[in-house]
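Below you'll find the structure, written out as structure tokens, and then a few comments.
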Amino acid sequence: MAKFEPDKFTILVVEDNNLSRKALIGMLFKSGYENILSAPDGQTAMEKIEHNHIDLVVTDINMPHINGLQLIKAIRTGATHAIPETSIIAVTSLSDVETISACMRLEIDAFLPKPVTVKDAREQIEQAVIGHTELYQQHLYDEIETDLNSCNQVQSSEPTEKNNDQTITLQSLFDLRAGMTLTRDIFANNGVCLVKAGTLLDGRLVKRLCELKSIIAEQPIRVELEPTDA
Numbered sequence: 086m087a088k089f090e091p092d093k094f095t096i097l098v099v100e101d102n103n104l105s106r107k108a109l110i111g112m113l114f115k116s117g118y119e120n121i122l123s124a125p126d127g128q129t130a131m132e133k134i135e136h137n138h139i140d141l142v143v144t145d146i147n148m149p150h151i152n153g154l155q156l157i158k159a160i161r162t163g164a165t166h167a168i169p170e171t172s173i174i175a176v177t178s179l180s181d182v183e184t185i186s187a188c189m190r191l192e193i194d195a196f197l198p199k200p201v202t203v204k205d206a207r208e209q210i211e212q213a214v215i216g217h218t219e220l221y222q223q224h225l226y227d228e229i230e231t232d233l234n235s236c237n238q239v240q241s242s243e244p245t246e247k248n249n250d251q252t253i254t255l256q257s258l259f260d261l262r263a264g265m266t267l268t269r270d271i272f273a274n275n276g277v278c279l280v281k282a283g284t285l286l287d288g289r290l291v292k293r294l295c296e297l298k299s300i301i302a303e304q305p306i307r308v309e310l311e312p313t314d315a
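The sequence shown begins at 86 in our numbering and counts up one residue at a time.
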């Protein structure tokens, strides 16, 4: 694991609320970060990215011009000057399940739940900058809806299952491991699908699911184990 040195990272904070933006920047300074840039919306953030090397983007979601989901998707699809694997933290409410679902499919590195605390900011940022960097779901990015009005109209659906003779049932989200493939959709308590059957789990996605345990519906967790060489 890489040594964690806060002063070596450049962080871009994207938040349209002036007070919230200043508060988050203050928390980062208290945590030892020195290289901090800020932007009031996604459009300005993309301009900052064009002219600066950014190691981590911490972004709110509901913003004018270019919202947080649109910014995240632009980074992940290579539509900005940042590398697609740039670490990203989404600042959002855990009650905004539709947004959380989109963020997970865009393979963000951490959630920072509102209201933000110094402790949460420090822990989630450290996790994001030293965690997994490889992306696995690039082939799904184009179909991800980033218009917030459309996201909030997502309807619940019946579970999809793709079981076979290699499928097993897990007792807990904490039994999930990288390399497993979901054979049954995982839903939030409100019926919104968070992760679809057929998704190959990586370490980043496993961590996000465990962090979101409080909003995930109790349901059988069905997976196919990673194939082993004969």
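For each residue, glycine too, the CB sits at the ideal point set by N, CA and C.
6 Å CB neighbourhood of residue i in its chain, flanking five on each side removed
i    : result
I306 : L255
A124 : V99, A130, K133
Residue i, enclosing beta strand (DSSP E) - first and last residue
i    : result
T177 : 172-177
F114 : Per DSSP, F114 belongs to no beta strand (DSSP E); it is in the alpha helix (DSSP H), 103-115.
Straight-line gap, residue i to residue j (C-alpha atoms, nearest Å)
i    : j    : result
G111 : I253 : 47 Å
T218 : L104 : 31 Å
P169 : L225 : 14 Å
K107 : I121 : 11 Å
L279 : T144 : 20 Å
V201 : Q223 : 29 Å
T165 : L290 : 24 Å
I301 : N234 : 23 Å
D92  : N274 : 39 Å
D260 : I146 : 30 Å
L197 : K292 : 13 Å
Proximity winner among the options, relative to residue i (alpha-carbon distances)
i    : options                : result
I174 : A164, K158, T165       : K158
H150 : E296, I168, M131       : M131
R207 : D287, Y118, D101       : Y118
K199 : E211, V176, L113       : V176
I185 : K298, E303, E311, Q304 : K298
L191 : N102, G216, L179, Q155 : Q155
S257 : V203, Q212, E303       : E303
G163 : I271, D101, D227, L179 : D227
8 Å contact criterion, which residue i and residue j should meet: CB distance rounded
i    : j    : result
D126 : M148 : 5 Å
N152 : T231 : 7 Å
E309 : Q251 : 5 Å
L113 : E100 : About 12 Å; that fails the 8 Å criterion.
Nonlocal neighbours in the same chain, by C-beta distance under 8 Å from residue i, ignoring five residues either side
i    : result
A167 : I134, I139, V142, I160
T95  : N120, I121, L122, N137, H138, I139, D140, L141
Extent of the continuous alpha helix (DSSP H) to which residue i belongs
i    : result
I160 : 153-161
D205 : 203-215
T129 : 127-136
Residues near residue i in its chain [Cβ-Cβ closer than 7 Å; skip 5 each side]
i    : result
L285 : Y221, T266
A213 : L141, S172, I174, D194, A195
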